[in-house]
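*Asks:* Following this message is one structure expressed as structure tokens.
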Amino acid sequence: MVKTKLKSLPSRNELDKNFIWKIEDLYPSDKDCKNDMLQLESSFDKLSKFQNKLGDSSDNLLSCLILNDELSQIIEKIYVYSHMKLHEDTSSSIYQALSDGAKSLSIKFSAIASFIIPEILLIPEDTLYRYINENESLKLYTHFLHDLLRQKEHILSKKEEELLARVSEIGGTPQSIFTMLNDADMNFPPIKGEDGSDIEVTKGRFVNLMENLNRDIRKAAFNSLYSSYINQKNTLAAIYNGSVKKDAFFATTRGYPSSLEASLFADNIPLEVYTNLIDTVHSNIHLMHRYVSLRKKLLNLDELHMYDLYTPIVPDIDMKIPYEEAIKIVKEGLAPLGDDYIKILHKGLFGGWIDVYENKGKRSGAYSWGAYGTHPYVLLNYQDNINNLFTLAHEMGHALHSYYSDEAQPYIYAQYPIFLAEVASTVNESLLMQHLLNNTTDKNKKAYLINHFMEQFRGTLFRQTMFAEFEKITHEMWERGEALTVDSLCEVYKNLNIKYYGPDIIIDSEISFEWARIPHFYNAFYVYKYATGYSAAIALSDGILNNKAGSLDSYLTFLKSGGSDYPINILERAGVDMKSPEPIKKALKVFEGLLVEMEKM
């Protein structure tokens, strides 16, 4: 049976130092960060001196771009440090202030640097390419400059760009409010464990509770979590409404047809990539309905509820995985990626990259982050279960993608496009799953793992596509002038759950409020990339595992590519064409194969 920790969360200073990240690798102290903030602000005038001079010569253009990169790199380091310190304890007023200061400094820098792009676009195109040809050092910026020319029609005047840069601080308000409400202020009523003692419900423990074999505990945890969001429903609807308005404002101001197209344009992603995803999943939605029906049958339930979606459908399997064991399993599972990859992975696992356990006030969830010039960092809220095993592999996929990109690329191209962000992480998950399946002889454990693999498909390909459809619908509603109220948001979300999960599950009223707790909705049109990235990753991992000629080398080249080209092109060179629905169809075929195998077992 899945066991749940009953004790209260420790405070930050009670944690074992071996399981917290070495934040001092970014800055030895807050004082060092603040000194950089002061010195940086005094350097802004140096950048301003290039204003109205970029078209004078290739040397002026080059010097300005180099200085802009140098200042941007320092700001990135300040921003990451201040926010990671806040994420250690989101209730800390000290780091709320420091992170706010970093945000303000970033906004001020954006406003000061806002002349650069409009001024470059005033340079005649033939003159710009002459500069590149005559100045060898400027060739580094060829892709950057070419991409600017592509975006020319959506870039405004210098004065307007400066104004938008200042407005962007206000535009971040909905996300900031949601984060503080969700991570610092939201509390959930405790529930009773099987022995009658209280279980503290947290976002970090929620999935673990949803996996509990005791249905009463699952239902109680489900009600506990959603009751708190329902109590704040009007506030949360207003916050999300503000976020959608912000997206529409920036899209309209820059002359895009819609918020969705504005988001896709940044990565040069055709609209059909987004719509193909939704349409292809719709065409295969019967597979999800079939899986839900199988889950109901194997759990032997008269009624399947939303709180029954996470619990294992294979009984009496103890898959408790302590963190130390998870490290060992992840290293073994990722061995097909080669000795160099495993060497760097080992460095990350034991070199202070990872903040492992949950503590009071710590940011929920998991992520990989960092700043150019330092190693990546990973935030976890590790629980001893298989989901967290895969989370470790997933986030280390992000971290090593960043490591390889930072090592291979100059600062301007080191950041890989968001469209590619979920590929490396999901390749790791896929390789880990195949390793576990290949090394499991116990029939019940194998069935458990197959079910977990299917759950990855449900959670990543189907559920994230449902999220993507919700974002598309709600933004289109606002753009048509329709109000986004609690009732309208809940109606959209409930209907999507009915569509995606089918007739064999009870769509509990609480699930209509799930939109209110999804942080990614405040970074609009991001979630679809989980689904497309998952599809690409299934294809890439298949080539690596089957020793397809050149597959490993091309994958490592992919990891080193950063943002040196458009993401569609980088993936295509790795062997995956996301302009076609075929990778999604192939991924769904894998899901169907797992479904057939589980039905037979």
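If you want our numbering, it's the position in the sequence shown, counting the first as 1, plus 136. The beta carbon of each residue, even a glycine, is placed where N, CA and C say it ideally should be. None of these values were measured; they are calculated from a predicted model.
Whether or not the segment 601-615 and the segment 563-571 are in contact is what I'm after, with contact meaning three or more pairs of Cβ atoms, one per stretch, closer than 8 Å; do they touch?
*Replies:* Output reads no: the segment 601-615 does not touch the segment 563-571.
*Asks:* Could you check the C-alpha separation between Glu618 and Leu597 for me, to the nearest Å?
*Replies:* As a working note, residue 618 is residue 482 in the sequence shown. As a working note, residue 597 is residue 461 in the sequence shown. So the two alpha carbons sit approximately 29 Å from each other.
*Asks:* Compute the Euclidean distance between the alpha carbons of Asn404 and Asp701, then round it to the nearest angstrom.
*Replies:* What you label residue 404 is simply residue 268 of the sequence shown in a count that begins at 1. What you label residue 701 is simply residue 565 of the sequence shown in a count that begins at 1. Computed Cα separation, rounded: 10 Å.
*Asks:* Give me, in chain order, the residues of the same chain whose beta-carbon lies closer than 8 Å to that of Pro639; leave out the 5 immediate sequence neighbours on both sides.
*Replies:* On the sequence shown, position 503 is the one that residue 639 refers to. Closer than 8 Å at Cβ, skipping near neighbours: His425.
*Asks:* Within 10 Å of its beta-carbon, does Asp444 have 16 or more other beta-carbons around it, so buried, or fewer, so exposed?
*Replies:* One-based indexing of the sequence shown puts residue 444 at position 308. Looking at its Cβ environment, which holds 16 or more other Cβ atoms inside 10 Å, Asp444 is buried.
*Asks:* Just to confirm before moving on: does the CB-CB distance between His226 and Asp319 stay below 7 Å?
*Replies:* Along the sequence shown, read from residue 1 onward, the residue named residue 226 stands at position 90. Along the sequence shown, read from residue 1 onward, the residue named residue 319 stands at position 183. For the record, residue 226 in the displayed sequence is Thr; it is not His. Result yes, Cβ atoms of Thr226 and Asp319 sit closer than 7 Å.
*Asks:* Contact defined as beta carbons within less than 8 Å: I believe Val343 pairs with Asn523. What is the distance between those atoms, to the nearest angstrom?
*Replies:* Position 207 of the sequence shown, counted from the first residue, corresponds to residue 343. Position 387 of the sequence shown, counted from the first residue, corresponds to residue 523. Right, the Cβ-Cβ distance comes to about 6 Å (below 8 Å), so this counts as a contact.
*Asks:* With Glu439 and Ile642 assumed to form a contact (beta carbons below 8 Å), what rounded beta-carbon distance in angstroms separates them?
*Replies:* Here residue 439 is taken as the residue at index 303 of the sequence shown, counted from 1. Here residue 642 is taken as the residue at index 506 of the sequence shown, counted from 1. Right, the Cβ-Cβ distance comes to about 5 Å (below 8 Å), so this counts as a contact.
*Asks:* Which residue marks the beginning of the alpha helix (DSSP H) containing Tyr513, and which one marks its end?
*Replies:* If you number the sequence shown from 1, residue 513 lands on position 377. Note, Tyr513: premise wrong, no alpha helix (DSSP H); beta strand (DSSP E) at 513-515.
*Asks:* Going by Cα to Cα distance, which pick from Ala660, Phe694, Glu261 is closest to Leu676?
*Replies:* On the sequence shown, residue 676 is found 540 positions in, with the first residue counted as 1. Leu676 has its Cα closest to that of Phe694, out of Ala660, Phe694, Glu261.
*Asks:* When the Cα of Lys574 is compared with those of Leu681, Trp651, Phe280, which residue comes out closest?
*Replies:* Stepping through the sequence shown from its first residue, residue 574 is reached at position 438. Checking the displayed sequence, the identity of residue 574 turns out to be Asn instead of Lys. Considering only alpha carbons, the answer is Leu681.
*Asks:* Select from Leu481, Leu473, Phe603, Phe401 the residue whose C-alpha is nearest the C-alpha of Gly679.
*Replies:* Translated into positions along the sequence shown, residue 679 becomes position 543. Out of Leu481, Leu473, Phe603, Phe401, Leu473 has the C-alpha closest to the C-alpha of Gly679.
*Asks:* Which of helix, strand or coil does DSSP assign to Ser716?
*Replies:* Translated into the one-based positions of the sequence shown, residue 716 becomes position 580. DSSP places Ser716 in coil when its eight states are reduced to three.
*Asks:* At which residues does the alpha helix (DSSP H) containing Ser360 begin and terminate?
*Replies:* Along the sequence shown, one-based indexing puts residue 360 at 224. Looking at the DSSP string, the run of the alpha helix (DSSP H) that includes Ser360 is 351-367.
*Asks:* Three Cβ pairs or more, each shorter than 8 Å: is that satisfied between the segment 522-538 and the segment 266-273?
*Replies:* Result no; under three Cβ-Cβ pairs closer than 8 Å.
*Asks:* For Ile642, write down the residues that DSSP places opposite it in a beta bridge.
*Replies:* Locating residue 642 in the sequence shown gives position 506, counting from the first residue. In DSSP, Ile642 forms a bridge with His441.
*Asks:* Could you give the first and the last residue of the continuous beta strand (DSSP E) run that contains Tyr267?
*Replies:* Working through the sequence shown from its first residue, we reach residue 267 at position 131. No beta strand (DSSP E) contains Tyr267, which is instead part of the alpha helix (DSSP H) from 261-270.
*Asks:* Thinking C-alpha only, which one of Gly698, Glu733, Arg390, Val466 is nearest Phe555?
*Replies:* Here residue 555 refers to the residue found at position 419 of the sequence shown. Checked all of Gly698, Glu733, Arg390, Val466; the closest Cα to Phe555 is Gly698.
*Asks:* What does a CB cutoff of less than 8 Å around Lys220 pick up in its chain, not counting 5 residues either side in sequence?
*Replies:* Here the question's residue 220 lines up with position 84 in the sequence shown. This sequence places Met at residue 220; Lys is not what is there. Answer for Met220: Trp157, Ile159, Leu162, Trp505, Tyr513, Leu515, listed in chain order.
*Asks:* Under the rule that 16 or more other beta-carbon atoms within 10 Å means buried, what is Asn659, buried or exposed?
*Replies:* Working through the sequence shown from its first residue, we reach residue 659 at position 523. Asn659 should be labelled exposed.
*Asks:* To the nearest angstrom, how far is it from the Cα of Leu203 to the Cα of Leu183?
*Replies:* Counting from 1 along the sequence shown, the entry for residue 203 is found at position 67. Counting from 1 along the sequence shown, the entry for residue 183 is found at position 47. Computed Cα separation, rounded: 7 Å.
*Asks:* For the beta strand (DSSP E) containing Ser218, name the first residue and the last one.
*Replies:* The residue labelled residue 218 in the question sits at position 82 within the sequence shown. First-last for Ser218: 194-224, but that is the alpha helix (DSSP H), not the beta strand (DSSP E).
*Asks:* Pick out whichever of Lys355, Ser293, Lys153, Ile366 has its Cα sitting closest to the Cα of Trp651.
*Replies:* Residue 651 sits at position 515 when you count from the first residue of the sequence shown. The shortest Cα separation from Trp651 among Lys355, Ser293, Lys153, Ile366 belongs to Ile366.
*Asks:* Rounded to whole angstroms, what is the Cα-Cα separation between Gln187 and Ile210?
*Replies:* Within the sequence shown, the letter at position 51 stands for residue 187. Within the sequence shown, the letter at position 74 stands for residue 210. Cα to Cα, the separation comes out at about 21 Å.
*Asks:* Determine contact between the segment 274-288 and the segment 247-260, defined as no fewer than three beta-carbon pairs at a distance below 8 Å.
*Replies:* Yes, they touch.
*Asks:* Let's see if you can read the secondary structure: which residues bound the beta strand (DSSP E) around Tyr493?
*Replies:* As a position in the sequence shown, residue 493 is number 357, starting the count at 1. Per DSSP, Tyr493 belongs to no beta strand (DSSP E) and is neither H nor E.
*Asks:* Return helix, strand or coil for Lys141, following the three-state DSSP convention.
*Replies:* The residue you call residue 141 lines up with position 5 of the sequence shown. Low confidence applies here, because Lys141 scores a pLDDT of 44, under 50, leaving its location unreliable; read the following figure in that light. It is coil, neither helix nor strand.
*Asks:* Which same chain residues end up closer than 7 Å to Asn564 when comparing Cβ atoms and leaving out the 5 residues on each side of it in sequence?
*Replies:* Looking up residue 564 in the sequence shown gives position 428. Correct list, in chain order: Leu470, Ala529, His530, Met532, Gly533.
*Asks:* Do you know how far the Cα of Lys275 is from the Cα of Thr140?
*Replies:* The residue given as residue 140 occupies position 4 in the sequence shown. The residue given as residue 275 occupies position 139 in the sequence shown. Unreliable placement is indicated for Thr140, whose pLDDT of 44 sits below 50; no coordinate value is reported for it.
*Asks:* Are Lys213 and Ala507 close, meaning C-beta to C-beta below 7 Å?
*Replies:* Stepping through the sequence shown from its first residue, residue 213 is reached at position 77. Stepping through the sequence shown from its first residue, residue 507 is reached at position 371. Their beta carbons are under 7 Å apart, which means Lys213 touches Ala507 by this criterion.
*Asks:* Could you give the C-beta distance for Leu743 and Ser179, rounded to a whole number, given that I count them as a contact under 8 Å?
*Replies:* Nothing about residue 743 can be read from this structure; the chain reaches only from 137 to 737.
*Asks:* Looking only at its chain, what residues have a beta carbon closer than 6 Å to the beta carbon of Phe314, apart from the 5 residues adjacent to it on each side?
*Replies:* Looking up residue 314 in the sequence shown gives position 178. So the list reads Ile375, Tyr658, once near-sequence residues are dropped.
*Asks:* Taking the C-alpha atoms as reference points, what is the distance between Asp352 and Gln368?
*Replies:* Residue mapping note: residue 352 aligns to position 216 of the sequence shown, counting from 1. Residue mapping note: residue 368 aligns to position 232 of the sequence shown, counting from 1. Distance between the alpha carbons of Asp352 and Gln368: 25 Å.
*Asks:* Just the C-alpha distance for Asp334 and Ile327, rounded to the nearest angstrom, thanks.
*Replies:* Counting from one through the sequence shown, the residue named residue 334 turns up at place 198. Counting from one through the sequence shown, the residue named residue 327 turns up at place 191. Each residue's Cα considered, the two are about 6 Å apart.
*Asks:* To which residues does DSSP link Ile327 through a beta bridge?
*Replies:* Sequence index remark: in the sequence shown, residue 327 carries index 191 (1-based). DSSP lists Ile335 as partners of Ile327.
*Asks:* With distances taken between CB atoms, is the gap from Gly711 to Asn517 smaller than 7 Å?
*Replies:* Translated into positions along the sequence shown, residue 711 becomes position 575. Translated into positions along the sequence shown, residue 517 becomes position 381. Contact: no.
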